[in-house]
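Scroll down for the structure; my scribbles are underneath it.
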Amino acid sequence: MKKEWLVYLGILIVSLILFFVVTEPITFSPTVSFIIIGLILLAIVYIFVRTIQGNYVGRQTVFLFVGISVILPFFMTITQPIKLSPEVGSLYTALGELQPGSKVLISFDYDPPSAPELQPMAETFFYYCFKNDLKVLIMGLWPQGPQQADLAIQKALEQPDIAAKNIEYGVDYINLGFQAGNEFVIQRMGSSFKSMFPTDFYGTPYDSLPLVDGISNFSNIDFSMNLSAGYPGTIEWVQVAVDRYGVKLGAGNTAVQAPQVYPYLNSGQIKGLLGGLNGAAEFEKVVGVIGKGTKFMVSQSAAHVIVIAFIIIGNAAFFLGDKRKKSKAAEKKEA
Amino acid sequence: MEMSELIGIWLGAFLTLGIISFLYGDNPWYKLCEAIFVGSSAGYWFITLFWDNIYSKFYVGVTQDGNYMLLVGGVLGFLMLMRLISKIGWISRWPLAFVVGAIAGFYLINYFSSNVMYQVNATIMPLFGSGYGDPIFSASFGNVINKIIIAGGTFTGLVYFFFSKEHKGAFGATAKVGIWVIMLTFGASFGYTVMSRMSLLIGRMDFIFGDWLGLIK
Amino acid sequence: MRREIPMFITAVVGVVFVIQYFIPHWPFNQMNAWFSDWFSIISACAIWLGALNLMKISANKVYRKKKEWGYSAVIIACFAITVFIGFKGGESFREAGTGFDWIYRFAYIPLSATMFALLAFFVASASYRAFRARNFEATLLLLAAFFVMFGRVPVGDAVVGWFQNIGLPVPDAIMPSNIATWIMNVINAAGQRAIMIGIALGIVSTSLRIILGIERAHLGGD
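Residue numbers (our numbering), protein chains in the order written: chain A, 47 to 381; chain B, 499 to 715; chain C, 168 to 389.
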């Protein structure tokens with residue numbers, strides 16, 4: 047018990063020092079960055095040798111390396127070229143076909159844990175819509191979704207070129223809020239949006255919102271986007287909105303869910319796919335904004351390299367250890 | 499920065515570090531944060547559903563819009579809550595039966611249509627055309643190969659899942675190829691899972707070092 | 168009667184949802200609308216049931232002073248605070264600047280997001296200790312994971328690009344990003360589709376059994 051409290055005290059002291067003493071942001075020059083990367087690689091080689099010798103490192107060491115690989119790139123001044131994949135390219139093409147004034151419905155089907163991946167997509171999507179004068183209707187099948195949308199809208203509206211446009215709530219965009227019922231909400235929206243969203247996110251009645259004047263169901267929507275982290279999400283949107291009501295759908299998914307959605311992309315049921323943080327970064331690139339998707343990709347790269355390195359080390363130890371066991375057994379037999 | 503914002507960020511940091519402390523082992527700080535999470539999360543869902551559904555859809559729907567059919571839903575919902583009283587808890591089977599029936603009827607059609615028929619349709623594509631109705635030989639060589647792999651991979655994968663016949667002979671060989679396809683698929687999913695988990699951690703570290711400590715430019 | 172009435176409800180509702188897909192006209196469109204609305208309200212009550220049940224269990228733990236009852240008291244207190252602020256805020260309870268919004272941004276987001284972020288550490292640790300190329304199938308799994316992880320971040324192409332820069336004849340087609348794209352769009356699409364069709368057929372048959380009353384597990388005992 048005492049040991050725990052000492053650790054807590056240590057964390058508090060370090061936090062206070064970092065908060066009050068280090069008041070300026072930290073930036074490593076490229077040289078320092080490469081030296082740090084070199085040192086980490088040397089440490090990995092050391093672990094490799096130790097593991098081959100049969101001494102597996104404890105899981106706390108793996109945790110430490112994961113932490114370092116994620117944190118240190120925040121301070122590095124390294125840039126990486128981001129390559130556009132066909133999944134993201136096709137979504138951008140589909141969006142490009144929309145005329146100014148087109149009605150776009152975006153469903154936020156995720157909660158804060160998935161925000162690092164999906165929030166950058168949402169911010170970029172709003173930026174694109176406002177920049178191209180598309181009218182946006184927001185909704186959510188997850189209760190936290192519309193609240194995440196609110197945060198994303200605020201970020202998009204802070205962009206200078208969007209701020210200059212005087213985007214107005216109720217005219218250029220509305221947030222219809224959340225409704226319970228999962229896929230049945232989508233099904234009901236096929237005949238009436240109002241029945242599922244009698245009021246918007248702020249309690250304003252549906253009929254008093256100018257933007258939805260003339261919008262009663264999916265037939266009045268030109269394009270739909272779904273940002274999803276699981277159930278209910280893209281799969282349900284495809285099954286009901288796309289296959290039953292003929293909605294054109296684009297999807298942004300967490301990386302965990304994205305592989306399951308590829309068959310829909312291949313069959314043309316969705317027009318494009320943003321998969322995980324990488325998809326967010328690509329979307330930012332193609333739209334022309336630098337957001338958190340792009341900024342986080344250096345950390346993402348480093349984390350992947352560390353995981354790959356640990357997989358290689360584990361396998362090398364497995365095979366070499368196997369060989370060593372066999373040779374020892376042979377030696378024993380000979381003796 | 500406003501005072502409430504500053505206090506909020508410190509609270510957020512306290513809670514974030516508390517959850518991370520689980521890496522060190524189960525400890526009181528983590529347990530406290532976990533309890534706060536469970537309580538506030540339950541409260542969040544409770545309130546959101548009250549205002550978004552029970553008030554704005556049910557109460558307003560009945561009292562202001564005169565949609566009295568919603569009362570049936572209200573009664574079923576109320577019966578669901580009877581589960582809390584053990585003596586009459588059995589009555590909650592009625593709304594549960596409604597939910598199960600609705601999902602069964604809904605899935606029966608939608609899964610068959612979207613996840614079977616559309617998928618079979620998209621698997622058996624014109625080999626040398628780029629799509630239905632496109633001129634023949636408009637597809638590239640790579641396209642043709644990919645279509646064969648997709649059709650073959652889907653078919654062999656399905657054969658692997660067919661357990662009513664013993665996996666022997668030609669059937670067994672097909673199933674073997676199927677499991678290779680499934681393994682490659684799981685590998686891709688694993689890669690994406692790693693990507694996802696790392697992204698979430700990056701998000702939290704950005705909060706700690708950026709929003710809270712202000713160390714990130 | 169305790170089983171017959173629920174079975175009847177299940178069958179009627181299930182059949183109506185099947186028919187309304189093919190006949191989206193009166194009376195089935197009307198029934199679809201009613202049933203969807205009821206489903207939505209029941210869903211909300213089901214979540215209320217979960218929250219209230221949690222309170223019941225926690226209160227019981229506190230009342231009986233069971234082991235670690237203090238944490239249960241914290242659960243009840245946090246629930247009560249969130250609910251009180253939410254009710255007090257009225258219909259616009261979560262507007263920016265409200266107490267509920269503050270709880271969401273500074274308590275709910277950090278807690279829920281960090282809970283899932285922890286998995287990053289465990290997935291890395293598991294990769295080191297358990298992800299082995301023990302046989303051919305496992306090697307395939309490992310290779311796909313490797314190419315996807317390496318190809319979906321810019322560092323993959325940067326490493327191979329470096330080999331190209333020093334004069335090695337590496338074709339663009341085997342750039343990690345291209346391999347990852349191919350795996351995802353071709354192999355993964357095929358495998359996922361096989362899984363998707365398999366699961367869908369399973370769901371269809373189970374749904375049919377439920378509607379016909381052959382499958383009754385959801386109705387419990389007696």
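C-beta: ideal position from N, C-alpha, C; glycine also.
Which chain B residues are close to E304/C, counting only those with a beta carbon under 8 Å from its beta carbon?
I677, W678 and M681
Per DSSP, D218/A forms a beta bridge with which residues?
Bridge partners of D218/A: none, in fact.
Does I190/C come within less than 8 Å of chain B when only Cβ atoms are used?
no
Give me the Cα-Cα distance between A209/A and V134/A, rounded to the nearest whole angstrom.
26 Å
Which residue from H385/C, I381/C, I362/C and A357/C puts its Cα closest to that of S313/A?
A357/C
Which residues of chain C have a Cβ atom closer than 9 Å to the Cβ of A168/A, listed in chain order?
Within chain C, no residue comes near A168/A; the closest Cβ sits about 15 Å away, beyond 9 Å.
Select from W201/C, A226/C, S279/C and W269/C the residue whose C-alpha is nearest the C-alpha of L504/B.
W269/C
Could you give the C-beta distance for D550/B and Q225/A, rounded to a whole number, given that I count them as a contact under 8 Å?
6 Å
Look at the alpha carbon of D524/B and the alpha carbon of C531/B, and state the distance between them as a whole number of angstroms.
12 Å
Between the C-alpha atoms of N644/B and Y690/B, what's the straight-line distance to the nearest angstrom?
22 Å
Between the stretch 324-340 of chain A and the stretch 101-111 of chain A, can you find at least three pairs of beta-carbon atoms closer than 8 Å?
no
Would you kindly check if the distance between the Cβ of V293/A and the Cβ of A301/A is under 8 Å?
no
Look at G676/B and I176/C and say whether their C-beta atoms are less than 8 Å apart.
no
Helix or strand or just coil, what does DSSP make of A226/A?
coil
Would you kindly check if the distance between the Cβ of L273/A and the Cβ of G298/A is under 8 Å?
yes
Sub-8 Å separation of P593/B and L574/B beta-carbons:
yes
Quick one: is W205/C near chain B, going by C-beta distance under 8 Å?
yes
Can you tell me which residues form a DSSP beta bridge with N302/C?
Partner(s): none; N302/C has no beta bridge.
For F230/A, go through chain D and note every residue whose CB falls closer than 7 Å to its CB, in chain order.
In summary, chain D is missing from the structure at hand, where the protein chains are A, B and C.
In its own chain, which residues sit with a C-beta less than 8 Å from the C-beta of Q315/A, not counting the 5 before and 5 after it?
V284, V288, D289 and L295
Residue range of the unbroken alpha helix (DSSP H) whose run includes A198/A:
G191 to E204
Interface residues of chain B facing L64/A [CB-CB closer than 8 Å]:
L711 and L713
By Cβ distance, which residues of its chain are closer than 6 Å to A673/B, with the 5 residues on each side in sequence left out?
V657, Y658 and H665
How many angstroms separate the CA atom of Q194/A from the CA atom of I152/A?
12 Å
Report the neighbours of A161/A on chain C: residues whose CB is nearer than 9 Å to its CB, in chain order.
I276 and A280
C-beta neighbour in chain C for V108/A, strict 8 Å
yes
On the DSSP bridge assignment, give the partners of F269/A in chain order.
V150/A
What are the residues of the stretch 525-539 of chain B that lie near chain A, defined by any Cβ-Cβ distance shorter than 9 Å?
N525, P526 and W527
From this set, A602/B, I586/B and L521/B, which residue's C-alpha is nearest I186/C's C-alpha?
A602/B
Identify the continuous beta strand (DSSP E) that holds M185/A and give its terminal residues.
K181 to G186
Starting from the C-beta of M222/C, find all residues in its chain whose C-beta is less than 7 Å away, skip the five residues before and the five after it, and write them out in chain order.
I243 and F246
Can you tell me whether DSSP reads S237/A as helix, strand or coil?
coil
What residues are listed by DSSP as bridge partners for N299/A?
S274/A and G321/A
F171/A versus E282/A, E229/A, Y310/A and G325/A, residue with shortest Cα-Cα distance
G325/A
Cβ atoms of I545/B and T265/C: under 8 Å apart, would you say?
no
Check whether the Cβ atoms of A620/B and G627/B sit closer than 8 Å, and answer yes or no.
no
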